[in-house]
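Engineer: Sequential numbering of the sequence shown, starting at 8, is according to the numbering used here. C-beta: ideal position from N, C-alpha, C; glycine also.
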Amino acid sequence: MRRRRFLAWTLGAAACAAGCGTGRVGGGRFSIVAGGRRWARVGEAFAAAARASGVGTSSTGTPITVTGLPALAASELNNGQTLLDTSTPLSRLTGDVEVVVVPVNSRFKDFDDFGVHLRTDPSGTMLAGGPQGEPDHLLFGLIAKGLGADTRQIDYTGYPGSHEAVSALLGGKAAAAAGLLGDWRAVIDGGGVRALAVSCARRVPGLDVPTLLECGVRVDFADWAAAVGPDDMPDDGRESAVRMCDEVTSSPSWRRACRKAGWISIPLSGDDFRLWLTSEVERTQAVLRDLGLLASTRATTCWGSCGNGH
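1) Check each candidate in R48, R44 and G42 and name the one with the smallest Cα separation from K267.
2) Work out the CA separation of F121 and C207 for me, nearest whole Å.
3) Starting from the Cα of A181, find the closest Cα among V194, Y166 and L154 and give me that residue.
4) What residue from A185, S66 and G131 has the CA that sits closest to G140's CA?
5) Measure the CB-CB distance between A57 and V249 and report whether it falls below 8 Å.
6) If you check the beta carbons only, do A95 and D238 fall under 8 Å apart?
7) Got a sec, what are the start and stop residues for the alpha helix (DSSP H) V194 sits in?
8) By DSSP, does F228 sit in helix, in strand, or in coil?
9) Since T164 sits in a beta bridge, which residues does DSSP pair it with?
10) Run the CB neighbour count on E83, radius 10 Å, all protein chains shown included, and call it buried at 16 or more, exposed below.
11) Is it right to say K116 is buried, meaning 16 or more other beta carbons lie within 10 angstroms of its own, or is it exposed?
12) Judging by CA-CA distance, which residue of A204, G269, I71 and A41 is the nearest neighbour of D190?
13) Going straight from the alpha carbon of A175 to that of L203, what length do you get?
14) Using CA atoms only, rank isn't needed, just tell me which of D119, I271 and L300 is closest to C222.
15) Under a three-way DSSP split, which group does P241 fall into?
16) Residues in its own chain within less than 7 Å of G50 by CB, not counting five upstream and five downstream?
17) Rounded to whole angstroms, what's the CA-CA distance from T93 to L188? Just pull it up for me.
18) What whole-angstrom Cβ distance do D103 and D215 have, given they're in contact under 8 Å?
19) Where do the ends of the beta strand (DSSP E) carrying F53 lie?
20) Roughly how far, in whole angstroms, is the beta-carbon of E105 from the beta-carbon of D143, given that I think they are within contact range, below 8 Å?
Quick look at the structure:
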């Protein structure tokens with residue numbers, strides 16, 4: 008398996024959540040910021056929906072950081088602390104659907120063809136996507152495990168962005184790729200590639216592509232984003248922030264923003280979100296170990312009630 012140096016910038020979300028730990032609820036005002044560039048759009052949409060719902064926002068308010076799965080994975084890879092260590096989980100917000108694609112003239116006619124080849128010859132099935140250890144790589148790890156393939160043998164090359172992954176696939180440097188549906192949709196619609204499966208539990212409207220579950224792989228996966236507070240958030244501040252998140256994620260403004268951006272709205276807040284996040288940490292650690300990116304002897308920490316997918 009090809010290895011690459013892991014990029015530390017994706018740790019920005021966890022670091023921000025930890026570094027902003029002096030905030031307190033004051034006058035019901037919140038300071039909503041993105042934990043990194045990749046969450047800028049979600050953070051801006053969430054802040055706009057909050058204002059539209061009558062929620063006070065201010066740069067001096069209680070800090071609410073929008074972060075997500077890549078930050079969680081990056082902290083694990085860099086032996087750092089997870090979001091459960093460095094922040095107060097408040098609410099899951101959105102999920103971006105991932106898609107598995109092949110060139111339009113690929114020998115793989117459908118996902119079953121691809122799955123058989125990956126299972127029987129994982130090292131001979133060149134795969135591509137975003138940087139190693141990030142959601143695209145995690146998805147292929149989950150697929151390989153679900154198919155019964157030797158996960159450590161998969162041949163995966165990570166690229167800085169979707170444009171490079173598209174070029175690699177179309178240039179014959181990979182047999183299949185994974186990435187955000189939003190990044191690949193234009194190439195799919197343009198006939199340059201074929202989509203074999205989507206990662207969500209239900210089919211995407213307007214796209215005649217089966218889900219992984221329909222293809223017999225028990226994987227329900229999304230590149231999710233969530234809202235977290237400072238790690239030392241008091242109980243009353245947490246309760247106020249959770250109520251705010253519930254109000255915003257149930258608002259018409261938020262639903263419109265999600266539809267426009269193509270996000271799946273997957274709200275889950277409070278104790279239920281903490282429990283889900285605990286299971287997501289465990290799932291992420293497990294697939295990173297399966298991929299050979301995380302030492303199998305590393306201790307697994309359990310927060311609260313150790314309980315997956317959304």
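Structural biologist: Per the coordinate set shown:
1) The residue labelled residue 267 in the question sits at position 260 within the sequence shown. Among R48, R44 and G42, the Cα nearest to that of K267 is on R48.
2) For the purposes of this step, residue 207 is taken as residue 200 along the sequence shown, with counting starting at 1. For the purposes of this step, residue 121 is taken as residue 114 along the sequence shown, with counting starting at 1. C207 and F121: Cα-Cα distance of roughly 18 Å.
3) In the sequence shown, the residue the question calls residue 181 occupies position 174. Looking at the Cα atoms, Y166 is the closest of the given residues.
4) Residue mapping note: residue 140 aligns to position 133 of the sequence shown, counting from 1. The shortest C-alpha separation from G140 is found at A185.
5) Here residue 57 corresponds to residue number 50 of the sequence shown, with the count starting at 1. Here residue 249 corresponds to residue number 242 of the sequence shown, with the count starting at 1. Contact flag unset, no.
6) On the sequence shown, residue 95 is found 88 positions in, with the first residue counted as 1. On the sequence shown, residue 238 is found 231 positions in, with the first residue counted as 1. Residue identity check: residue 95 is Thr in the sequence provided, not Ala. In this structure, D238 lies closer than 8 Å to T95 by Cβ.
7) The residue labelled residue 194 in the question sits at position 187 within the sequence shown. L188 to D196 is the span of the alpha helix (DSSP H), which, as asked, contains V194.
8) As a position in the sequence shown, residue 228 is number 221, starting the count at 1. The answer is coil: DSSP assigns F228 none of H, G, I, E or B.
9) Reading the sequence shown from its first residue, position 157 is the one you call residue 164. For T164, which the question treats as bridged, DSSP gives the partners A135.
10) In the sequence shown, residue 83 corresponds to position 76, counting from 1. Answer is buried; the Cβ neighbour count reaches 16.
11) Mapped onto the sequence shown, residue 116 falls at position 109. With fewer than 16 Cβ atoms within 10 Å of its Cβ, K116 is classed as exposed.
12) As a first step, residue 190 must be located in the sequence shown, where it is residue number 183. Of the candidates A204, G269, I71 and A41, the one whose C-alpha sits nearest the C-alpha of D190 is G269.
13) Walking along the sequence shown from the start, residue 175 turns up at place 168. Walking along the sequence shown from the start, residue 203 turns up at place 196. Taking the straight line from one Cα to the other gives about 18 Å.
14) Position 215 of the sequence shown, counting from 1, holds the residue named residue 222. The option with the nearest alpha carbon to C222 is D119.
15) One-based indexing of the sequence shown puts residue 241 at position 234. Looking at P241 - three-state DSSP - the assignment turns out to be coil, as it is neither helix nor strand.
16) As a position in the sequence shown, residue 50 is number 43, starting the count at 1. Excluding positions up to five away in sequence, the list reads I39, V40, A41 and V73.
17) The residue you call residue 93 lines up with position 86 of the sequence shown. The residue you call residue 188 lines up with position 181 of the sequence shown. Near 30 Å, if we compare the C-alpha coordinates of L188 and T93.
18) The residue given as residue 103 occupies position 96 in the sequence shown. The residue given as residue 215 occupies position 208 in the sequence shown. Their Cβ separation, rounded to whole angstroms, is 20 Å, which puts D103 and D215 out of contact at 8 Å.
19) Taking the sequence shown and counting its residues from 1, the one referred to as residue 53 is at position 46. Careful: F53 lies outside any beta strand (DSSP E), inside the alpha helix (DSSP H) at A47 to A59.
20) For the purposes of this step, residue 105 is taken as residue 98 along the sequence shown, with counting starting at 1. For the purposes of this step, residue 143 is taken as residue 136 along the sequence shown, with counting starting at 1. Indeed they touch by this definition, with Cβ atoms about 7 Å apart.
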